[in-house]
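The structure appears below as structure tokens.
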Amino acid sequence: MGTDNIKKALIIPSWALYDLSNQFFAINIISLYFVRWLTLEKKVPEIFYSIAFSFSLLLVGILAPVLGAVSDATARRRVFLVAHTLVSVFFTSLLAFTSSVFWALLFFVLANFGCQMASVFYNAQLAAIAPRGKVGIISGFGRMTGYSGAVLALLLTRPIFLSHGYQAVFLITGALFLFFALPCMFFVKDVEPKAVSLMSHFLKRDKFVKTFMELKVSSLNALKTPGLLDFLKAAFFGLSAVNAVILFMSVYVSRVFGLGGAQIVELIVFSAFFAVFGSFFSGVASDLLGCKRTLCFVFILWMVSFLLGAMITDISLASYRVIGALVGIALGSIWTVSRALVTKMVPAEKMGEVFGLFNLAGYISGIAGALFWGLILFILRPADELDYRIALLSLEVFMVLGLVFLLRIPETKKAFSCAAFLVALLLAPAAFADNYAQKDGLFWIDVPQEWVWSEDTGGVSIVSPTGSQAVRINIEAVDNIGTDEDALQLVRDTMSAKIADLAWQNGRAVLKTQRKVNGIFALQSGFIISSPSGIRQATAIVFLKDGRLFNIYFEASREFQRMEMEAIVDTLKFEAPEEEYQEPVL
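To convert, count from 1 in the sequence shown and add 1435; that's the numbering used here.
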């Protein structure tokens, strides 16, 4: 095997190892040893840890969209990943050399900021490293590796803590974080990064102002989606309680259940296994029962967990393991089902905007949950066992409010048909043929060789190597097809579909767009192309007649047409149909 082949073989394992590496920080610093050192050994009220954690998330919430846009504009992920990882590792290691609460909190703020920011660019690397059709598998592999990292972090650092104490754990955590991150930093490279000069161009003041104005307008437009505002409110309240539990679970079980460090490690490992279980089976339940019903059940499961954790007085191994199992299942489920619900309830052309709002709600909930917990215990100080129980029980309010808003969300329709599945399977290979001729006077698109794809019951999705461009072709009208033979005929009529560059030419339905495109997503029976802000967009709707594709409607906003920046792909052509054109009602 040549050197190049070896490097290619190392890319995916190297990328997945980063998921493992940052779990050393997430478990040892955020959830376990640092918070215990601060609150138990240094006797610092939880409110100070809450403020520090919240401030670091506030920095991430402000800078992540800006640096993410710079990263998209320059197609550079690795430089941001490496820089923020080194920041996190450096300040994590510095925790080992101070006994000052002030400096420790400052180092923690910077370390957590670096870790959270690095994760943004790590996630963006997925589409660049995953082979065609393997995006979901590779993503799952990374997540599995991350769960393994949580367990490994606990097992490797436990003997160090028992023999050398907290400071040694902080130092070894920084070292292991860096050690397991090195393969990703060295072997996962950017795909065709743009000139560095583009970065300085983007950082001009007018670019900043324009970016934030576009984000504001697109966010307001996205919030008009039916049920979305109620979902974001439900997510905010639910995740506020969840984030509080993640931050202070180790302190709670110490104060209330009297568990020592070794027992806490065993409990977290035990819960982690149930989190894996919850992640998988909640996804299955979402498909069978619907995302809204499943998420309601998850919220109720959290409420039961809080009630048991606050009320139980029989401090036994079985008692806190039951609670640990429930929390693990609920923790693994809430993220899985929430993301799935977003994809069901919003139009595909708004998906990028809505996920941005969902992430923002997550950041704000992290701040709110941490501050709420710290404030409750600060008011009840000096906090004893009863006060901690009151704090946990008070989180029920968040879950109840979240459940109320969740129940207000309209039911999502779940569509599935054998014909749709057959169309997806047969259309996908045609969409990626390297040299497929135009056919039947329909349309064609050309996909770069290195793009990755996945298929589902609705069509085929394609993602660019950087993850900033995505294409989705969907056949919405397949439910009108009576037989599988009809579906096959539809496939034959659309086999000419290939993915290509986009440019305007001679006033025809050919799009010229800016360098980074947020995605081409399914819209009714076609697809939509959106700019990163979601404001500028073009629509191409495929119409079917008697189960056969016969027309394509295309339109674009003036802002989109005026874009002069380099196109990411060459041409997307639409041939005029022979049938008389009729203006569609959108």
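Just so you know, even glycine gets a beta-carbon here, dropped at the ideal spot from N, CA and C.
The alpha-carbon of isoleucine 1802 is positioned some 11 Å away from that of leucine 1494. The alpha carbon of phenylalanine 1715 has as its nearest neighbour, out of Asp1819, Ile1764, Ile1747, Val1686, the alpha carbon of Ile1764. Comparing C-alpha distances from serine 1751 to each of Thr1729, Ser1554, Phe1692 shows the shortest one belongs to Phe1692. Contact check for glycine 1809 against glutamate 1481 passes: the beta carbons are separated by less than 8 Å.
Note on geometry: alpha-carbon atoms of alanine 1539 and leucine 1606 lie some 13 Å from one another. Listed in chain order, the non-local C-beta contacts of serine 1449 below 6 Å within the same chain comprise Pro1618, Cys1619, Phe1622, Val1623, local neighbours out to five positions each way being set aside.
Glutamine 1551 places its beta carbon 8 Å or farther from that of arginine 1512. Remark: fewer than three beta-carbon pairs, one from each stretch, lie closer than 8 Å, so the stretch 1829-1839 and the stretch 1701-1709 are not flagged as touching.
Under the 10 Å beta carbon count, leucine 1821 is surrounded by fewer than 16 other beta carbons and is classified as exposed.
In this structure, DSSP gives aspartate 1665 a helical state, which the three-state scheme calls helix. With contact defined as three or more Cβ pairs closer than 8 Å, the stretch 1460-1472 and the stretch 1597-1611 are in contact. By the CB criterion at 8 Å, alanine 1710 and serine 1456 fall outside the cutoff.
According to the DSSP assignment, tryptophan 1737 belongs to the alpha helix (DSSP H) that extends over 1726-1746. With a 10 Å radius around the Cβ and a threshold of 16 neighbouring Cβ atoms, isoleucine 1462 comes out buried. Listed in chain order, the non-local C-beta contacts of phenylalanine 1813 below 8 Å within the same chain comprise Pro1480, Glu1481, Ile1482, local neighbours out to five positions each way being set aside.
Counting C-beta atoms within 10 angstroms of its own C-beta, lysine 1727 has 16 or more neighbours from the protein chains shown and is therefore classed as buried.
One alpha carbon belongs to valine 1536, the other to phenylalanine 1543, and they sit about 10 Å apart.
Under the three-state reduction of DSSP, serine 1751 is assigned to coil, being neither helix nor strand. The continuous stretches of alpha helix (DSSP H) do not include aspartate 1625, and DSSP gives it neither H nor E.
When C-alpha distances from leucine 1827 are compared across Arg1756, Asp1665, Leu1742, the shortest belongs to Leu1742.
Serine 1689 and lysine 1478 have their C-alpha atoms some 13 Å from each other. Within its own chain, the residues whose Cβ lies closer than 6 Å to the Cβ of glycine 1797, once the five positions on either side in sequence are excluded, are Leu1674, listed in chain order. With a threshold of 16 other beta carbon atoms within 10 Å, leucine 1589 meets it and is buried. Rounded to whole angstroms, the gap between the alpha carbons of aspartate 1819 and leucine 1445 is 51 Å. In this structure, Ile1699 is the residue among Leu1795, Met1746, Phe1671, Ile1699 with its C-alpha nearest to the C-alpha of arginine 1756. Leaving aside the five residues that flank leucine 1467 on each side, the residues in its chain whose CB is nearer than 8 Å to its CB run, in chain order, Leu1589, Ser1685, Ile1699, Val1700, Ile1703. Residue state for threonine 1771 is assigned as helix, using DSSP reduced to three classes.
In the structure shown, the three-state DSSP call for glycine 1763 is helix. Counting along the chain, the unbroken alpha helix (DSSP H) around glutamate 1831 starts and ends at 1820-1842. A check of alpha carbon separations from glutamate 1476 across Val1524, Ser1534, Val1555 identifies Ser1534 as the nearest. For serine 1528, the uninterrupted alpha helix (DSSP H) segment begins and ends at 1513-1529. In terms of Cβ geometry, alanine 1805 and leucine 1694 do not form a close pair [threshold 8 Å].
Restricting attention to Val1524, Gly1759, Leu1842, the CA atom closest to the CA of tryptophan 1737 is found in Gly1759. Judged by their CB atoms, threonine 1592 and threonine 1580 are not nearer to each other than the 8 Å cut-off. With a cutoff of 8 Å on beta-carbon distance, leucine 1498 and phenylalanine 1515 are scored as not near each other. In terms of Cβ geometry, serine 1489 and asparagine 1547 do not form a close pair [threshold 8 Å].
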